[in-house]
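Only one structure is covered here, and it is reproduced in the block below.
In our numbering, the protein residues as written are 245 to 460.
Structure, rendered in structure tokens:
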């Protein structure tokens, strides 16, 4: 049944009604999981209508399903809300708050601090704060694939710490690393060759990251 909702290309009051009627027969945890699946496609879309439909679904879920849901089910909704506001609306302050709620309920998924590091850097326009440095330190102990999307934010955070400490040598080191990551994105052959466990190592960051790098 869920597959039918995944195929919908234009959400209307009728399709929303059909979805919520279907969800009425599920427990709160399953409701959250279904909303999580459906909104993944809507957030990946370039359509403003799809993004708004995702927001409506997620807000409805957050207001109606979370009271009786388990923590990891709640975490799914908060994670998806964070991604929606970060990637679709570029509202990094709201995204950061939802990611913090995700982190406080999540007991299953890794790399929470790397996620919070990225979102606080985007929220604060790459300025130093003790909170940012704390997430940076915690992110060092997390298991990840070492892909460029992770490394660039870790290097930016490290650069800000080096600047705060007045360490010119490390500032130069991290500046070079950041620029190398961005430069590598221009080499198509690099993208074809660099893979981590079948995950393509491409750089996917907002324009404000490129603007920051251009000023280094």
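We put the beta carbon where it would ideally sit given N, CA and C, even for glycine.
- Secondary structure in the region 379-409: the alpha helix (DSSP H) runs of 4 residues or longer, each lying completely within the stretch, are 392-409 in chain order.
- Spanning the alpha carbons of residue 404 and residue 450 requires a straight line of approximately 19 Å.
- Per DSSP, the unbroken alpha helix (DSSP H) holding residue 301 starts and ends at 292-308.
- At least 9 Å separates the beta-carbon of residue 364 from that of residue 399.
- In its chain, beyond the 5 residues on either side, 379, 382, 383, 386 have a beta carbon closer than 7 Å to the beta carbon of residue 357.
- Taking 9 Å as the cut-off, the Cβ atoms of residue 278 and residue 267 count as close.
- In the three-state reduction of the DSSP assignment, residue 269 falls in the coil class.
- With a cut-off of 8 Å on Cβ pairs, the region 327-342 is not in contact with the region 309-316, counting fewer than three such pairs.
- Within its own chain, the residues whose Cβ lies closer than 8 Å to the Cβ of residue 302, once the five positions on either side in sequence are excluded, are 279, 283, 321, 324, 325, 328, listed in chain order.
- In the DSSP assignment, residue 340 falls within the alpha helix (DSSP H) that extends over 336-349.
- Between the beta-carbon of residue 297 and that of residue 276 there is about 17 Å, and that puts the pair past the 8 Å contact cut.
- Residue state for residue 450 is assigned as coil, using DSSP reduced to three classes.
- Secondary structure of residue 370 (DSSP, three-state): coil.
- If you draw a straight line from the Cα of residue 412 to the Cα of residue 401, it comes to about 15 Å.
- For the options 362, 317, 369, 346, the alpha carbon positioned closest to that of residue 273 is the one of 317.
- Boundaries cannot be given for residue 314, as no alpha helix (DSSP H) includes it and DSSP labels it neither H nor E.
- Shown here for residue 281: same chain residues with a beta carbon closer than 8 Å to its own, the five before and five after excluded, namely 246, 250 in chain order.
- Using a 10 angstroms sphere on the CB of residue 295, the tally of other CB atoms reaches 16 or more, which defines it as buried.
- Take residue 418, set aside five residues on each side of it, and the residues of its chain with a beta-carbon closer than 7 Å to its own are 399, 402, 403, 406, in chain order.
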